Amino acid sequence: MAESLYWIGRYVERAEQTARLTEATFRHTIAMGSTPEAELRRDRHWAALLAIVGEHPAFPPGTPVDEESVPGHLIFSAENANSIVECIARARDNARTMRHQVATEMWEALNRFHLDVKRPGRRRAAAAGAESTTRFCRSIVDFSQLLQGITDSTMPREEGWYFLQAGKFLERTEWTARTLDVNYRLVAGDAERGDRVALAAAADDPQPWGTLLRSLSAYESYHRIESRGIEPSAVVELLILSPVLPRSIRFSIDQVDVALAHITEQAPNYNGSEPMPGASTESEARREVGRLHAEFAYQRLDDLLDQGLHASLLDIQRRCYRVGDLVEDEFFAHRPLTAQEAMA
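So this is what it looks like as structure tokens:
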């Protein structure tokens, strides 16, 4: 059950993030005009979206990377294991394995939405044009938020709940880091002049930064604390270091830390095996997240810029991948049955 809930958290978050970024890319590129230069800029943004999602290798070879091909690949493709419909299907499959152990409302919401997005008529309507596709993406975001509301109001705050939260926020940390990294490099180029100069120069075109904030539901939050308009350095600081913004890297890491703290207190024998006499039962996954949590509690934007923004964001992603591997190894590894269990 714990493993299924962890992956439901990850898959639903992945579907929502893909939908958010696809919608934001459409809305940003549609205003670029129809000149040859605008076409090239649009294609660069769609290529950047593929880089964020990590789907360049899975994208059909020889297919133009543009607004005609990328959305369909990210939303509907059965060949793309991380397309939105495939993520919803996997979340639903995980819920089905334990449908009698989760609230009826949670199972019904996942099952109903899975069946809805698989309907051929729904696909045709969603692929009818940019406006139809953005409406479909918005429906994915709305579904994800509905499901979160259902789980918040129906799930006991026990081990399963914390596995769901760990999966969701670990996925979110990775996505925010990748999204910010790719968008920064798209706007700033290789930043040979240094990150501070590149961010200052990027202030000449605030639109991409506004789009980035909207894609992470941070536009209004930003303007509540920043009265000077959109300043790239302030956007970067908010999305990485805010302790209260739900999609910031620091906030998401803090939530993973809280979840793993509860899990390790409730489940000391992680993968079902008995610890060796005198062996430590402390989780290496929790230790790694704890280190990240401690670092971000005292991190400043200047520290990140001194390290290099791209290098810092890559390091966050690598460490999140490591945490994911450790969670699977420690909590979900399948041990051989004992003779007594095999005979039971």
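Heads up: the sequence shown at position 174 corresponds to 353 in my numbering, and the numbers run straight through without jumps.
We put the CB at the ideal spot given by N, CA and C, even for glycine.
The model shown is predicted, which means the values in this text are computed figures rather than measured ones.
What's the gap between the Cα of Ala237 and the Cα of Ile254? As a working mapping, residue 237 is identified with position 58 in the sequence shown. As a working mapping, residue 254 is identified with position 75 in the sequence shown. Whole-angstrom Cα-Cα distance: 13 Å.
Using 8 Å as the threshold, is the stretch 389-403 in touch with the stretch 419-428, meaning 3 or more CB pairs across them? yes
Buried/exposed call for Gly500, threshold 16 Cβ in 10 Å: The residue labelled residue 500 in the question sits at position 321 within the sequence shown. The amino acid at residue 500 is misidentified as Gly; the sequence shows Tyr. So Tyr500 ends up on the exposed side.
Reduced DSSP secondary structure (H/G/I, E/B, other) of Ile267: Within the sequence shown, residue 267 is the residue found at index 88, counting from 1. If DSSP states are grouped into helix, strand and coil, Ile267 belongs with the helices.
Just curious, the alpha helix (DSSP H) that Tyr477 is in, first and last residue? As a first step, residue 477 must be located in the sequence shown, where it is residue number 298. Looking at the DSSP string, Tyr477 is not in any alpha helix (DSSP H), and its letter there is neither H nor E.
What residue range does the alpha helix (DSSP H) around Met285 cover? What you label residue 285 is simply residue 106 of the sequence shown in a count that begins at 1. Met285 -> alpha helix (DSSP H) spans 283-297.
Member of Leu359, Gly389, Ser323 whose CA lies at the smallest distance from the CA of Ala230: As a first step, residue 230 must be located in the sequence shown, where it is residue number 51. The shortest Cα separation from Ala230 among Leu359, Gly389, Ser323 belongs to Leu359.
If you measure between the beta carbons of Trp388 and Val361, is that distance less than 8 Å? Residue 388 sits at position 209 when you count from the first residue of the sequence shown. Residue 361 sits at position 182 when you count from the first residue of the sequence shown. No, the pair does not count as a contact, with Cβ atoms beyond the cut-off.
Under 6 Å Cβ to Cβ from Ile419, same chain only, skipping five residues before and after it: list those, please. For the purposes of this step, residue 419 is taken as the residue at position 240 of the sequence shown. Closer than 6 Å at the Cβ level, and outside the excluded window around Ile419, lie Ile428.
Can you check whether the CB of Ile267 is closer than 8 Å to the CB of Ala194? The count along the sequence shown starts at 1 and reaches residue 194 at position 15. The count along the sequence shown starts at 1 and reaches residue 267 at position 88. Going by C-beta atoms, Ala194 is nearer than 8 Å to Ile267.
Burial state of Ala257, where buried means 16 or more other Cβ atoms lie within 10 Å: Within the sequence shown, residue 257 is the residue found at index 78, counting from 1. Exposed, because fewer than 16 other Cβ atoms sit within 10 Å of the Cβ of Ala257.
From Phe511 to Trp340, what distance separates their C-alpha atoms? The sequence position of residue 511 within the sequence shown is 332, counting from 1. The sequence position of residue 340 within the sequence shown is 161, counting from 1. If you take the alpha carbons of Phe511 and Trp340, they lie about 16 Å apart.
Using the rule of at least 16 other Cβ atoms within 10 Å of the residue's Cβ for burial, across every protein chain shown, is Pro250 buried or exposed? Translated into positions along the sequence shown, residue 250 becomes position 71. With 16 or more other Cβ atoms within 10 Å, it is buried.
Hey, quick one: how far does the alpha helix (DSSP H) through Glu410 stretch, first residue to last? Against the sequence shown, residue 410 aligns to sequence position 231. It is not in any alpha helix (DSSP H) - Glu410 carries neither H nor E in the DSSP assignment.
Any idea what DSSP makes of Phe511, helix, strand or coil? One-based indexing of the sequence shown puts residue 511 at position 332. DSSP places Phe511 in coil when its eight states are reduced to three.
Which word fits Gln386, buried or exposed, when buried means at least 16 other C-beta atoms lie within 10 angstroms of its C-beta? Within the sequence shown, residue 386 is the residue found at index 207, counting from 1. Exposed.
Beta carbon of Phe342 nearer than 8 Å to that of Ile263: Looking up residue 342 in the sequence shown gives position 163. Looking up residue 263 in the sequence shown gives position 84. No.
Distance, Arg298 Cα to Ala305 Cα: Indexing the sequence shown from 1 puts residue 305 at position 126. Indexing the sequence shown from 1 puts residue 298 at position 119. If you take the alpha carbons of Ala305 and Arg298, they lie about 11 Å apart.
With DSSP run on the structure shown, which of helix, strand or coil describes Gln280? For the purposes of this step, residue 280 is taken as residue 101 along the sequence shown, with counting starting at 1. Reduced to three states, the DSSP call for Gln280 is coil.
Tell me the rounded alpha-carbon separation between Ile329 and Leu289. The residue you call residue 329 lines up with position 150 of the sequence shown. The residue you call residue 289 lines up with position 110 of the sequence shown. Cα to Cα, the separation comes out at about 11 Å.
Going by CA-CA distance only, name the one from Arg498, Arg317, Leu326 that's closest to Ile187. Taking the sequence shown and counting its residues from 1, one reaches residue 187 at position 8. Of Arg498, Arg317, Leu326, the residue nearest in Cα terms is Leu326.
Close-in-space but distant-in-sequence residues of the same chain around Glu182 (CB under 6 Å, 5 per side omitted): As a first step, residue 182 is located in the sequence shown; it is residue number 3 there, counting from the start. Excluding sequence neighbours, Glu182 sits near Phe511.
Using the C-alpha atoms, what's the distance from Thr214 back to Gly503? As a first step, residue 503 is located in the sequence shown; it is residue number 324 there, counting from the start. As a first step, residue 214 is located in the sequence shown; it is residue number 35 there, counting from the start. The alpha-carbon atoms of Gly503 and Thr214 are separated by roughly 44 Å.
Where Ile495 falls, given that 16 or more other Cβ within 10 Å makes a residue buried: One-based indexing of the sequence shown puts residue 495 at position 316. Its Cβ being crowded by 16 or more others within 10 Å, Ile495 is buried.
Please work out which residues of its chain come closer than 7 Å, Cβ to Cβ, to Met211, disregarding the five sequence neighbours upstream and downstream, and give them in chain order. Position 32 of the sequence shown holds residue 211. Within the same chain, Met211 has close Cβ partners Ala217, Arg220, Arg221.
Closer than 8 Å is the cut-off here; do at least three beta carbon pairs connect the stretch 347-355 with the stretch 431-438? yes
Leu228, enclosing alpha helix (DSSP H) - first and last residue: Translated into the one-based positions of the sequence shown, residue 228 becomes position 49. 215-232 is the span of the alpha helix (DSSP H), which, as asked, contains Leu228.
Looking only at C-alpha atoms, which of Glu337, Glu509, Ser332, Asp433 sits nearest to Glu463? Residue mapping note: residue 463 aligns to position 284 of the sequence shown, counting from 1. Of the listed residues, the one whose Cα sits closest to Glu463 is Glu509.
Sequence-distant residues of the same chain with beta carbon closer than 7 Å to Leu484, five excluded per side: Taking the sequence shown and counting its residues from 1, one reaches residue 484 at position 305. If we look at Leu484 and ignore the five residues flanking it on each side, its Cβ neighbours are Asp374, Arg375.
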